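Below: the structure, in structure tokens.
Numbering (this note's numbering), first residue to last: 2 to 515.
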């Protein structure tokens with residue numbers, strides 16, 4: 002019986018019974034792991050780090066002579082029939098890396114799989130060769146069943162039974178449906194999974210970050226536009242990717258109306274006809290108009306707010322057409338605005354400058370003619386979030402701000418009434434969340450906020466009280482959040498991050514109160 006060990010300088014083979022060193026060789030490739038092959042004739046040493054190619058060396062197990070057959074094979078020669086040996090590094094070396102599984106052919110015709118991040122041994126799941134891994138080392142991270150031959154996610158399991166603030170350090174499959182999960186602090190869990198008839202098969206190969214996303218008007222689909230000019234449409238229910246479209250230019254913002262998915266690209270606005278009865282719900286691309294902008298401040302509810310050469314423009318969609326802006330010469334937009342809020346009916350825009358707390362409220366007069374309704378300053382408060390609601394001449398907003406001085410470091414919710422062209426602050430409420438980091442969603446009824454301990458809280462706007470909370474841990478979609486949607490009718494929370502998408506079912510919000 003032999004044992005292979007490695008340190009910073011040497012790879013060594015030992016006789017376990019006699020504890021004698023049999024042979025050693027210099028660790029020239031800086032290997033992080035080494036394993037015997039199934040037949041014990043070879044030793045594979047590898048250096049696997051996230052985002053970098055896997056460097057491997059193959060040695061004869063008795064002499065540690067290096068062989069030339071240890072090169073990564075780039076062919077698609079893996080099949081469902083073969084049994085494969087898997088080598089994967091620890092979580093410490095693979096945190097937050099996208100999974101990539103290479104393979105090596107031994108002279109004995111064995112095939113060895115080498116993963117760039119920690120995963121289980123290969124097993125059969127829904128008649129496919131799969132491994133299971135966690136999306137991060139945190140205990141709240143979803144567990145993913147991954148078909149490494151077709152590079153597809155077959156199932157995703159969100160586990161809520163693990164203790165908070167623990168880290169996953171080991172995953173192993175005991176059989177096809179039972180898995181051993183080891184956490185730090187000596188926590189060990191045995192999980193039993195059941196396969197479903199339908200499963201979300203989505204490509205895990207992700208070479209670009211999400212730039213923007215939009216939810217369909219019937220809440221059945223969501224679209225994601227990536228920085229590499231790729232657009233995908235996925236099912237809200239299953240997460241399945243239904244359609245992929247290549248954009249002609251990089252995207253900046255998107256919005257889904259009743260009839261079209263609109264995408265603002267680098268210099269053009271395009272639209273895709275929407276038909277929910279088709280397998281491919283988007284039709285062919287139609288160019289709407291050319292456009293110049295430096296930044297898109299907001300795109301929602303039939304309105305597009307852009308800034309170009311330090312000038313603000315508000316464009317409105319009339320009968321599914323983008324109309325040119327109309328405004329009298331005597332009126333001027335707040336060109337220093339850093340934030341734009343579009344009302345829930347799409348007929349008003351609130352411009353806000355976070356540097357000096359100035360604001361302007363603009364109302365639609367007809368078609369795309371905008372009139373200044375109110376202007377002023379929010380008393381120098383450090384506003385973190387704004388929401389605009391109501392109808393013409395009875396607009397109101399809800400805003401979340403930090404205390405006005407260093408002594409008052411709490412967060413407050415306040416209602417603002419814009420009637421009669423002035424604003425009045427009423428109903429100040431202090432939030433019980435002290436270390437708030439950001440708001441990921443909000444409407445006239447609820448705020449969804451994140452604190453610095455990776456908890457999300459549903460806050461009732463009417464009284465500022467937390468109605469329910471959930472610990473999510475270091476989810477990429479939470480820490481690098483691009484957009485969030487809360488589907489009230491179905492109690493679904495959709496979190497879209499730069500490289501991660503998660504969907505949660507939130508139960509009993511109306512009945513649960515802390």
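C-beta atoms are modelled at their ideal positions from N, C-alpha and C, and glycine is treated no differently.
Just so we're clear, the structure is a prediction, and the values are computed from it rather than from any experiment.
Selection from the options that minimises the alpha carbon distance to residue i
{"i": "residue 223", "options": "147, 484 and 377", "result": "484"}
{"i": "residue 290", "options": "232, 317, 118 and 388", "result": "317"}
{"i": "residue 301", "options": "214, 18, 33 and 37", "result": "214"}
{"i": "residue 387", "options": "349, 113 and 340", "result": "340"}
{"i": "residue 1", "options": "132, 37, 355 and 59", "result": "Only positions 2 to 515 of the chain appear in the structure, and residue 1 is not among them; the question remains open."}
{"i": "residue 31", "options": "9, 21, 303 and 17", "result": "9"}
{"i": "residue 379", "options": "356, 391 and 396", "result": "356"}
{"i": "residue 456", "options": "447, 470 and 443", "result": "470"}
{"i": "residue 169", "options": "257, 134, 126 and 326", "result": "134"}
{"i": "residue 431", "options": "462, 155, 443 and 413", "result": "413"}
{"i": "residue 354", "options": "366, 192, 338 and 454", "result": "338"}
{"i": "residue 257", "options": "292, 315, 304 and 502", "result": "304"}
{"i": "residue 57", "options": "64, 78, 84 and 89", "result": "89"}
{"i": "residue 66", "options": "13, 260, 118 and 84", "result": "13"}
{"i": "residue 287", "options": "505, 334, 275 and 295", "result": "275"}
{"i": "residue 216", "options": "259, 279, 228 and 192", "result": "259"}
{"i": "residue 39", "options": "108, 23 and 26", "result": "108"}
{"i": "residue 226", "options": "505, 498 and 178", "result": "498"}
{"i": "residue 29", "options": "505, 7, 366 and 461", "result": "7"}
{"i": "residue 377", "options": "419, 210, 230 and 149", "result": "419"}
{"i": "residue 229", "options": "125, 278, 279 and 211", "result": "211"}
According to DSSP, residues forming a beta bridge with residue i
{"i": "residue 188", "result": "184"}
{"i": "residue 398", "result": "389 and 417"}
{"i": "residue 252", "result": "266"}
{"i": "residue 371", "result": "365"}
{"i": "residue 348", "result": "None, per the DSSP bridge assignment."}
{"i": "residue 151", "result": "Paired residues: none, contrary to the question."}
{"i": "residue 87", "result": "114"}
{"i": "residue 39", "result": "For residue 39, which the question treats as bridged, DSSP gives no partner whatsoever."}
{"i": "residue 341", "result": "352"}
{"i": "residue 257", "result": "262"}
{"i": "residue 321", "result": "Residue 321 is not bridged to any residue."}
{"i": "residue 67", "result": "60"}
{"i": "residue 314", "result": "307"}
{"i": "residue 175", "result": "Partner(s): none; residue 175 has no beta bridge."}
{"i": "residue 484", "result": "497"}
C-beta atoms of residue i and residue j nearer than 8 Å
{"i": "residue 491", "j": "residue 48", "result": "no"}
{"i": "residue 360", "j": "residue 373", "result": "no"}
{"i": "residue 336", "j": "residue 311", "result": "yes"}
{"i": "residue 299", "j": "residue 342", "result": "yes"}
{"i": "residue 45", "j": "residue 105", "result": "yes"}
{"i": "residue 248", "j": "residue 262", "result": "no"}
{"i": "residue 324", "j": "residue 368", "result": "yes"}
{"i": "residue 110", "j": "residue 100", "result": "no"}
{"i": "residue 384", "j": "residue 363", "result": "no"}
{"i": "residue 451", "j": "residue 438", "result": "yes"}
{"i": "residue 445", "j": "residue 345", "result": "yes"}
{"i": "residue 472", "j": "residue 459", "result": "no"}
{"i": "residue 234", "j": "residue 243", "result": "yes"}
{"i": "residue 62", "j": "residue 34", "result": "no"}
{"i": "residue 20", "j": "residue 81", "result": "no"}
{"i": "residue 127", "j": "residue 155", "result": "yes"}
{"i": "residue 121", "j": "residue 180", "result": "yes"}
{"i": "residue 507", "j": "residue 494", "result": "yes"}
{"i": "residue 389", "j": "residue 398", "result": "yes"}
{"i": "residue 309", "j": "residue 320", "result": "no"}
{"i": "residue 113", "j": "residue 86", "result": "yes"}
{"i": "residue 24", "j": "residue 64", "result": "yes"}
{"i": "residue 442", "j": "residue 402", "result": "no"}
Any chain D beta carbon closer than 8 Å to residue i
{"i": "residue 240", "result": "Among the chains in the structure shown there is no chain D, since it carries only a single protein chain."}
Are at least three pairs of beta-carbons, each pair with one atom in the segment 263-276 and one in the segment 183-194, less than 8 Å apart? no
For the structure I just gave you, are there three or more beta carbon pairs, one from the segment 250-260 and one from the segment 278-286, closer than 8 Å? no
For a minimum of 3 consecutive residues, which ranges assigned as the beta strand (DSSP E) are wholly contained in the segment 437-472? 437-443, 447-452, 456-461 and 467-472
Fully enclosed by the segment 209-242, which beta strand (DSSP E) runs are 3 residues long or longer? 211-216, 222-227 and 231-236
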